[in-house]
Every structure is written in structure tokens, then in C-alpha cells.
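See structure below.
Numbering (our numbering), first residue to last: 3 to 319.
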């Protein structure tokens, strides 16, 4: 998809001028207007650079982001512009002056990459990619087949188990019916006891509410003397009511909580828990590996530099 974003020309921005870019140099990672593009083609240092239309820049976003990380030396935080053939490493100028100062055959990445698009290594990797894609797709298909087979096996296993369970369902239903009958009887008895206590508590509540009403009446109409005597009487009656309520609630009420399975039923369940086990088979769907070259050394075998860079004067302590 063509990019909808507008880019300004990099060289023009550097000169504090604004021009819309029409090209993108993947080597310089910079946008170019038409005038700067023509100049870019004329310079010896950049005439062989790879330049694409600015509309196609979206296609490069992912790979340019990855390459920008690789082209930066992690140790020195400088551009990695050279390739050491001896150690098969992409390095910066400071690496050459220190760690690689005794190495021979290092050269700029631009020369190391010359002809890589038509190299045997590139074609080999492309073929390897196709093989791996095909093999993984085949793996996916085979796994999907096994998934479907497993679904069908699951259905058959459930059918077999269902037939076996049907043979004991009637007995279980009879046990369930007896249990339900017992639970209903217990529920009625417990509910009756709770209702009786509730009625008594309602009576105590009515008594306390009457005391509250009398207290309100004293506050509104009684003299201080009547108020004094009334409070003493209400206090005594309230204390008696509290003691009666405590007496009613001393004994816990019985409530149904959980099922305690009878020993005979537990034994029955332990037997039917051995309905059967699923016997599994192991199917090995192997990945057809493709012999690949060492990813770090594939390109050092694909070029022969025309000249060697040997300069031990760069060495630093």
C-alpha cells in the first residue's frame, strides 16, 4: 500500500529549506526531492545507492527498523560501517581501531554487500525459506488432521461411557428419591422450629417497641419527676426483655448445610469411578529439517574483496 505520509527532503531540511520528497535512499535512509535526487545520482559515492519511490516506503518500515539496530555498534554506539572477514562481524571504526586492529581483510559493508542480491547464498536462503514454509504448512495440516481425529475419538469415548452409566442410573435415581424424601421431612421440621422462635422474637420485639413508645411519650409530656421514675421502670423492663431474648437464642437453630455421603454410597461411587481409562497413542509428526548454513557466516563465503584493508596504525590500547 502506498504511503499517505508526506516526507520532506532531508538535504533541503539541512539547508533550512522545505521541499517535498519524491524518492527514498535506502542506503542513506533519507528522503530526497527531485533536485537532490538528480544530484544524488551524479555523485560517485552515492550513484550506486538503492533508491525507491517515496510511495513505497511503507514496504520498508519493518526491515529498515531491524537493520537500523544491526547497523549500530552496541559497544561503542557508533555506526557499524565495516565488515571483518576474519571474525565474521559487522563492526564500527572504533572496533577496528581496538579489538580488530590486527585483523586483515576488513572492508566497508557497502563492498562486502556488493552482489549479494544475485549471490548463491541469497538464492540458497530463499530456497530454504520456501522449504521451511512448505514443511511448516504440512505440519499444520497434519496436526489439524490429528485434531479432527481426536475430536471423533472423544465423541466415541463419551458414547461408550454414556451406555455404561445408563446401567446404573435407575439405582441412583431410587437413592436420590429416598434422599429427597428425607430432606423434605427435615426441612419441614427445621422450618417449624424456626417459625416458632420467630413468633416469640416478634413478641419480644413488640414489647421493646412499646417501651420505646413510652420513652418517647415521657420525653414529650412528662415532668422531670415522672421522667425520672419512668426511666427507672423502663430500664428494668428493658433489662428483663433482653434477658428473655438471650434465653430464646441460647440454643442454636438447626440448618441444613451439606450432603454427608453414606458409607454404602461412597463404596458404590468408588466402584463406578473406575468406568475406564482413555488409552492414548503417541503420533510423532516430525518437522522435516532443512540443512541451513550458519546464519552468521553465510555472506563471508559469498564475496571476494578486490582489495584488502590492512593498517595496524589504528590500534589503540
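The beta-carbon is built from N, C-alpha and C at its ideal position, and this holds for glycine as well.
The three-state secondary structure of residue 54, taken from DSSP, is strand. Judged by pairs of C-beta atoms under 8 angstroms, the segment 72 to 80 touches the segment 94 to 103, as three or more such pairs exist.
For residue 282, the three-state secondary structure derived from DSSP is coil. The Cβ atoms of residue 21 and residue 30 lie no closer than 7 angstroms to each other. When the beta-carbon positions are compared, residue 105 and residue 88 come within less than 7 angstroms of each other.
No Cβ-Cβ contact shorter than 7 angstroms links residue 127 with residue 85.
Assignment of residue 36 by DSSP, reduced to helix, strand and coil, places it in the helix class. When beta bridges are read from the DSSP output, residue 25 appears opposite 34, 55. Taking residue 285 as the centre and dropping the five residues before and after it, the same chain places the C-beta of 148 closer than 8 angstroms to its C-beta, in chain order. Judged by beta-carbon spacing, residue 243 lies beyond the 7 angstroms limit of residue 183, meaning their Cβ atoms are not closer than that value. Of 214, 195, 208, the smallest CA-CA separation from residue 235 is found for 214. Taking the CA atoms as reference points, residue 256 sits about 16 angstroms from residue 262.
Per DSSP, the continuous alpha helix (DSSP H) segment holding residue 220 begins and ends at 122 to 223.
Around the beta carbon of residue 42, 16 or more other beta carbons sit within 10 angstroms, so the residue counts as buried. Look at the segment 74 to 122 and you find these whole runs of beta strand (DSSP E), each 3 residues long or longer: 84 to 86, 91 to 93. Each of 278, 273, 246 was checked against the Cα of residue 161, and the nearest Cα belongs to 278. Straight across, the Cα-Cα distance linking residue 169 with residue 175 is about 11 angstroms. Beta-bridge partners of residue 253 (DSSP): none assigned.
With 16 or more other CB atoms across the displayed protein chains lying within 10 angstroms of its CB, residue 32 is buried.
When the alpha-carbon of residue 268 is set against those of 177, 51, 101, the nearest one is in 177. Per DSSP, residue 14 is one residue of the alpha helix (DSSP H) stretching across 12 to 16. For residue 8, the three-state secondary structure derived from DSSP is coil. By the Cβ neighbour-count rule, residue 17 is exposed, with fewer than 16 other Cβ atoms within 10 Å of its own.
For the pair residue 48 and residue 114, the Cα-to-Cα distance works out to about 16 angstroms.
With a threshold of 16 other beta carbon atoms within 10 Å, residue 92 meets it and is buried. The C-beta distance from residue 159 to residue 280 rounds to 6 angstroms, short enough to fall under 8 angstroms. In the structure shown, the three-state DSSP call for residue 48 is coil. Counting only residues of its own chain and dropping the five nearest sequence neighbours on each side, residue 288 has no CB closer than 8 angstroms to any other CB.
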